[in-house]
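A.B. asks: Here it is, the structure in full.
Protein chains: 2
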Amino acid sequence: MKRKVGNLLGLAVLGYLVRQPMHPYELSKALRDHGDDRSIKFTHGSLYMVVGQLAKAGFIAEHETSRDGQRPERTVYALTDAGRAELKDWMRDLVAVPRHEFPQFVAALSFIGALHPDEVVVLLHDRLRGLEAQRAETKALLDGTDVHPLFLVEEEYRLAMIDAEARFVAGFLERIGDWRPLWAGFHEEGS
Amino acid sequence: MKRKVGNLLGLAVLGYLVRQPMHPYELSKALRDHGDDRSIKFTHGSLYMVVGQLAKAGFIAEHETSRDGQRPERTVYALTDAGRAELKDWMRDLVAVPRHEFPQFVAALSFIGALHPDEVVVLLHDRLRGLEAQRAETKALLDGTDVHPLFLVEEEYRLAMIDAEARFVAGFLERIGDWRPLWAGFHEEGS
DNA sequence: GGGGTCATGTAATAGGTTACATGATTCT
DNA sequence: AGAATCATGTAACCTATTACATGACCCC
Chain R
1 MKRKVGNLLG LAVLGYLVRQ PMHPYELSKA LRDHGDDRSI KFTHGSLYMV VGQLAKAGFI
61 AEHETSRDGQ RPERTVYALT DAGRAELKDW MRDLVAVPRH EFPQFVAALS FIGALHPDEV
121 VVLLHDRLRG LEAQRAETKA LLDGTDVHPL FLVEEEYRLA MIDAEARFVA GFLERIGDWR
181 PLWAGFHEEG S
Chain L
192 MKRKVGNLLG LAVLGYLVRQ PMHPYELSKA LRDHGDDRSI KFTHGSLYMV VGQLAKAGFI
252 AEHETSRDGQ RPERTVYALT DAGRAELKDW MRDLVAVPRH EFPQFVAALS FIGALHPDEV
312 VVLLHDRLRG LEAQRAETKA LLDGTDVHPL FLVEEEYRLA MIDAEARFVA GFLERIGDWR
372 PLWAGFHEEG S
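In order, the protein sequence lines correspond to chains R and L. Counted from 1, the first sequence has number 143 at position 143 by our numbering; the numbering is strictly sequential. Counted from 1, the second sequence has number 235 at position 44 by our numbering; the numbering is strictly sequential.
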């Protein structure tokens, strides 16, 4: 009922190894070069960790260990059949079923009453500026490359979400006025 | 540069303790009763953990330890001044600055090419149905209560995001046709 | 030839999840 | 009186992040 390796970085590793065997450092470089670090959180350390997990789970296996010049020996991994199956299965699941996630902003919204409404107005305007910056950055990335759009859908998705959030924030700002009396009431003299 | 306690469950604890001192079990109950488990991931175990972290960080402190009947002794915690400051500061930060997050769907989209486009079409339709279900659930929750909308903004936000995602998926489905030739090409006889 | 940074990993620590424990009410 | 579940917490086990190490190229 539960994946042997749950970390999405594992998915990325399977996704690269399905093309050809690689060693961890190569994976790390490929991930960074393709900008996958915008989609999947990873650090050098966590990569070695998941590679270890994937190997233990039997999804990848040592293919050879080679040595290039006097550099440390490196272990090249290849996908196993189980790994190929896991990649397909995992992808299907991720695409087909939307999961309940917990973005930080949602947490903040649940306790938004803890701040005074007048301050919230200011903060939300700041957020709008931040969102605009994110939007510009993503837009620039999309426009400034000749990579086929199929390989950039993630970024288009991100863009769509940024815009939706901005619209929500704008809408929220408009309604704050109506709630202000009640809301400000919580902050009168009572700490 | 980094919060002593980063887990958002910690924010929730501070958010409740600012009203009155409580003991962990009471917090746990309050969180569940108010449906905060839709906004913040938590389990019984992680709650005790963060309470420990918050205490060590000096944001909360033992208020008293009482015993009710023969039940195990329980420790009531209260917010300290540092805790009150942390709550405010943390909230401000969360509201004002949008952070880069890593939803699972984004990861899947980055490797979407690993699946055959014809299958993706089917899977995306499944996702649309899933999104519709989430939307209905959230909508029901919003409509079926008389809690003031101010205390349900998180859910409205969620609703907005669900809708935006559904629109994105629908748009993606429309464009798949154009890309299909190229995309399907990767899956010819190669592996 | 000294300073960066490329290349490659291991070890230590902190963070989170799950499982274990146990007595007290409450329901049937 | 036995079963369920409320109440309360600790301990064991994974996972993930950070820090530590170390030699090889490459540029000035």
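Quick reminder that beta carbons are idealized off the backbone N, C-alpha and C, glycines included.
Go ahead and label L/F363 buried or exposed: buried means 16 or more other beta carbons lie within 10 angstroms of its beta carbon, across all protein chains shown.
C.D. replies: The count along the second sequence starts at 1 and reaches residue 363 of chain L at position 172. Buried, since its Cβ has 16 or more Cβ neighbours within 10 Å.
A.B. asks: Taking buried to mean at least 16 other C-beta atoms within 10 Å of its own C-beta, is R/D36 buried or exposed?
C.D. replies: Residue 36 of chain R sits at position 36 when you count from the first residue of the first sequence. Buried, because 16 or more other Cβ atoms sit within 10 Å of the Cβ of R/D36.
A.B. asks: Using the Cα positions of R/L214 and R/A166, report the straight-line distance between them to the nearest angstrom.
C.D. replies: The structure shown has nothing for residue 214 of chain R, since chain R only spans 1 to 191.
A.B. asks: The region 80-96 of chain R: which residues have C-beta closer than 9 Å to a C-beta of chain L, in chain order?
C.D. replies: Against chain L - using a Cβ distance shorter than 9 Å - the residues of the region 80-96 of chain R are R84, L87, K88, W90, M91, R92, D93, L94, V95 and A96.
A.B. asks: Can you give me the Cβ contacts of L/T271 inside the same chain, cut-off strictly under 7 Å, excluding the 5 residues immediately before and after it?
C.D. replies: As a position in the second sequence, residue 271 of chain L is number 80, starting the count at 1. So the qualifying residues of the chain are G249, F250, I251 and A252.
A.B. asks: L/L251 by DSSP, collapsed to three states: which one?
C.D. replies: Translated into positions along the second sequence, residue 251 of chain L becomes position 60. Correcting the residue type first, residue 251 of chain L is Ile in the shown sequence and not Leu. Of the three classes helix, strand and coil, the one that applies to L/I251 here is strand, per DSSP.
A.B. asks: Give me the Cα-Cα distance between L/K330 and L/R223, rounded to the nearest whole angstrom.
C.D. replies: As a working note, residue 330 of chain L is residue 139 in the second sequence. As a working note, residue 223 of chain L is residue 32 in the second sequence. Each residue's Cα considered, the two are about 19 Å apart.
A.B. asks: L/F302 and R/L11 - do their beta-carbons sit closer together than 8 Å?
C.D. replies: Along the first sequence, one-based indexing puts residue 11 of chain R at 11. Along the second sequence, one-based indexing puts residue 302 of chain L at 111. In this structure, L/F302 lies closer than 8 Å to R/L11 by Cβ.
A.B. asks: Can you tell me where the alpha helix (DSSP H) with L/T336 in it begins and where it stops?
C.D. replies: Residue 336 of chain L sits at position 145 when you count from the first residue of the second sequence. L/T336 -> no alpha helix (DSSP H), and no H or E assigned at all.
A.B. asks: Since L/M240 sits in a beta bridge, which residues does DSSP pair it with?
C.D. replies: Here residue 240 of chain L refers to the residue found at position 49 when the second sequence is read from its first residue. DSSP output for L/M240 lists no bridge partner at all.
A.B. asks: Please tell me whether L/A326 and L/V360 are closer than 8 Å, where the distance is taken between their beta carbons.
C.D. replies: For the purposes of this step, residue 326 of chain L is taken as the residue at position 135 of the second sequence. For the purposes of this step, residue 360 of chain L is taken as the residue at position 169 of the second sequence. The sequence as given places Arg at residue 326 of chain L; Ala does not occur at that position. For L/R326 and L/V360, no; Cβs fall outside 8 Å.
A.B. asks: Any idea which residues DSSP pairs R/M22 with across the strands?
C.D. replies: Reading the first sequence from its first residue, position 22 is the one you call residue 22 of chain R. For R/M22, which the question treats as bridged, DSSP gives the partners R/Y77.
A.B. asks: I think R/L94 touches L/A298, with their Cβ atoms under 8 Å apart; what is that distance to the nearest whole Å?
C.D. replies: Walking along the first sequence from the start, residue 94 of chain R turns up at place 94. Walking along the second sequence from the start, residue 298 of chain L turns up at place 107. Yes, R/L94 and L/A298 are in contact; Cβ-Cβ is about 7 Å, under 8 Å.
A.B. asks: Excluding the five sequence neighbours on either side, which residues of its own chain have a C-beta within less than 8 Å of the C-beta of R/G113, listed in chain order?
C.D. replies: Along the first sequence, read from residue 1 onward, the residue named residue 113 of chain R stands at position 113. Excluding residues within five positions, the ones whose Cβ falls inside 8 Å are W183 and F186.
A.B. asks: Going straight from the alpha carbon of R/Y25 to that of R/R74, what length do you get?
C.D. replies: On the first sequence, residue 25 of chain R is found 25 positions in, with the first residue counted as 1. On the first sequence, residue 74 of chain R is found 74 positions in, with the first residue counted as 1. Rounded to whole angstroms, R/Y25 to R/R74 spans 9 Å at the Cα level.
A.B. asks: Within 8 Å of any Cβ in chain R, is that where the Cβ of L/Y268 sits?
C.D. replies: Looking up residue 268 of chain L in the second sequence gives position 77. It does not: the Cβ of L/Y268 has no partner Cβ on chain R nearer than 8 Å.
A.B. asks: Examine chain L for any beta-carbon lying closer than 8 Å to the beta-carbon of R/V50, and answer yes or no.
C.D. replies: As a first step, residue 50 of chain R must be located in the first sequence, where it is residue number 50. Not one chain L Cβ lies under 8 Å of R/V50.
A.B. asks: Pick helix, strand or coil for L/K195, following the three-state DSSP scheme.
C.D. replies: Position 4 of the second sequence, counted from the first residue, corresponds to residue 195 of chain L. DSSP places L/K195 in coil when its eight states are reduced to three.
A.B. asks: Relative to the alpha-carbon of L/L322, which residue among R/I162, R/A96 and R/L142 has its alpha-carbon at the smallest distance?
C.D. replies: The count along the second sequence starts at 1 and reaches residue 322 of chain L at position 131. When only C-alpha atoms are compared, the closest one is R/A96.
A.B. asks: At the level of alpha carbons, what is the spacing between L/L245 and R/I162?
C.D. replies: In the second sequence, counting from the first residue as 1, residue 245 of chain L sits at position 54. In the first sequence, counting from the first residue as 1, residue 162 of chain R sits at position 162. If you take the alpha carbons of L/L245 and R/I162, they lie about 32 Å apart.
A.B. asks: Applying the 10 Å Cβ sphere with the 16-neighbour rule, what's the burial state of R/V147?
C.D. replies: As a working mapping, residue 147 of chain R is identified with position 147 in the first sequence. Answer is exposed; the Cβ neighbour count stays below 16.
A.B. asks: So which residues of chain L does R/E25 contact, with C-beta pairs closer than 7 Å?
C.D. replies: Within the first sequence, residue 25 of chain R is the residue found at index 25, counting from 1. It should be noted that the sequence gives Tyr, not Glu, for residue 25 of chain R. Neighbours of R/Y25 on chain L: none; closest Cβ ~20 Å, over 7 Å.
A.B. asks: Helix or strand or just coil, what does DSSP make of R/H125?
C.D. replies: Translated into positions along the first sequence, residue 125 of chain R becomes position 125. It is helical.
A.B. asks: Contact criterion: CB-CB distance below 8 Å. Does L/P289 meet it with respect to chain R?
C.D. replies: Start at 1 with the first residue of the second sequence, and residue 289 of chain L comes out as number 98. Yes, L/P289 counts as interfacial toward chain R.
A.B. asks: Any beta carbon from chain L within less than 8 Å of R/Q104's own beta carbon?
C.D. replies: For this step, residue 104 of chain R is matched to residue 104 along the first sequence. R/Q104 counts as touching chain L.
A.B. asks: State buried or exposed for L/R349, treating a residue as buried only when at least 16 other CB atoms are found within 10 Å of its CB.
C.D. replies: Counted from its first residue, the second sequence places residue 349 of chain L at position 158. Burial call: buried.
A.B. asks: Checking 8 Å against the spacing of the C-beta atoms, do L/L205 and L/L218 come in under that value?
C.D. replies: Locating residue 205 of chain L in the second sequence gives position 14, where the first residue counts as 1. Locating residue 218 of chain L in the second sequence gives position 27, where the first residue counts as 1. Contact: no.
A.B. asks: Taking the Cβ atom as the reference point for each residue, do L/H254 and L/A269 lie within a distance shorter than 8 Å?
C.D. replies: Position 63 of the second sequence, counted from the first residue, corresponds to residue 254 of chain L. Position 78 of the second sequence, counted from the first residue, corresponds to residue 269 of chain L. Contact: yes.
A.B. asks: Near L/R371, what residues of its chain come up, given a Cβ to Cβ distance below 6 Å and the 5 sequence neighbours on each side ignored?
C.D. replies: On the second sequence, position 180 is the one that residue 371 of chain L refers to. Answer for L/R371: P308, listed in chain order.
A.B. asks: Could you check whether R/F102 and L/K195 sit closer than 8 Å to each other, using their CB atoms as the reference points?
C.D. replies: Translated into the one-based positions of the second sequence, residue 195 of chain L becomes position 4. Translated into the one-based positions of the first sequence, residue 102 of chain R becomes position 102. No. Outside cutoff.
A.B. asks: Less than 8 Å between CB atoms is the rule here; does L/L364 satisfy it with respect to chain R?
C.D. replies: Counting from one through the second sequence, the residue named residue 364 of chain L turns up at place 173. With 8 Å as the cut-off, L/L364 does not count as an interface residue toward chain R.
A.B. asks: Helix, strand or coil, according to DSSP, for R/L159 in the structure here?
C.D. replies: Taking the first sequence and counting its residues from 1, one reaches residue 159 of chain R at position 159. Three-state DSSP puts R/L159 in a helix.
A.B. asks: Within this structure, are the beta carbons of L/E310 and L/L332 separated by less than 8 Å?
C.D. replies: Translated into positions along the second sequence, residue 310 of chain L becomes position 119. Translated into positions along the second sequence, residue 332 of chain L becomes position 141. Result no, Cβ atoms of L/E310 and L/L332 do not sit closer than 8 Å.
A.B. asks: Going by DSSP, what residue range makes up the alpha helix (DSSP H) through L/V297?
C.D. replies: Within the second sequence, the letter at position 106 stands for residue 297 of chain L. Element bounds for L/V297: Q295 to S301.
A.B. asks: Flag this pair as yes or no: are the beta carbons of L/M192 and L/V267 separated by less than 8 Å?
C.D. replies: Along the second sequence, one-based indexing puts residue 192 of chain L at 1. Along the second sequence, one-based indexing puts residue 267 of chain L at 76. No, the Cβ-Cβ distance between L/M192 and L/V267 is not below 8 Å.
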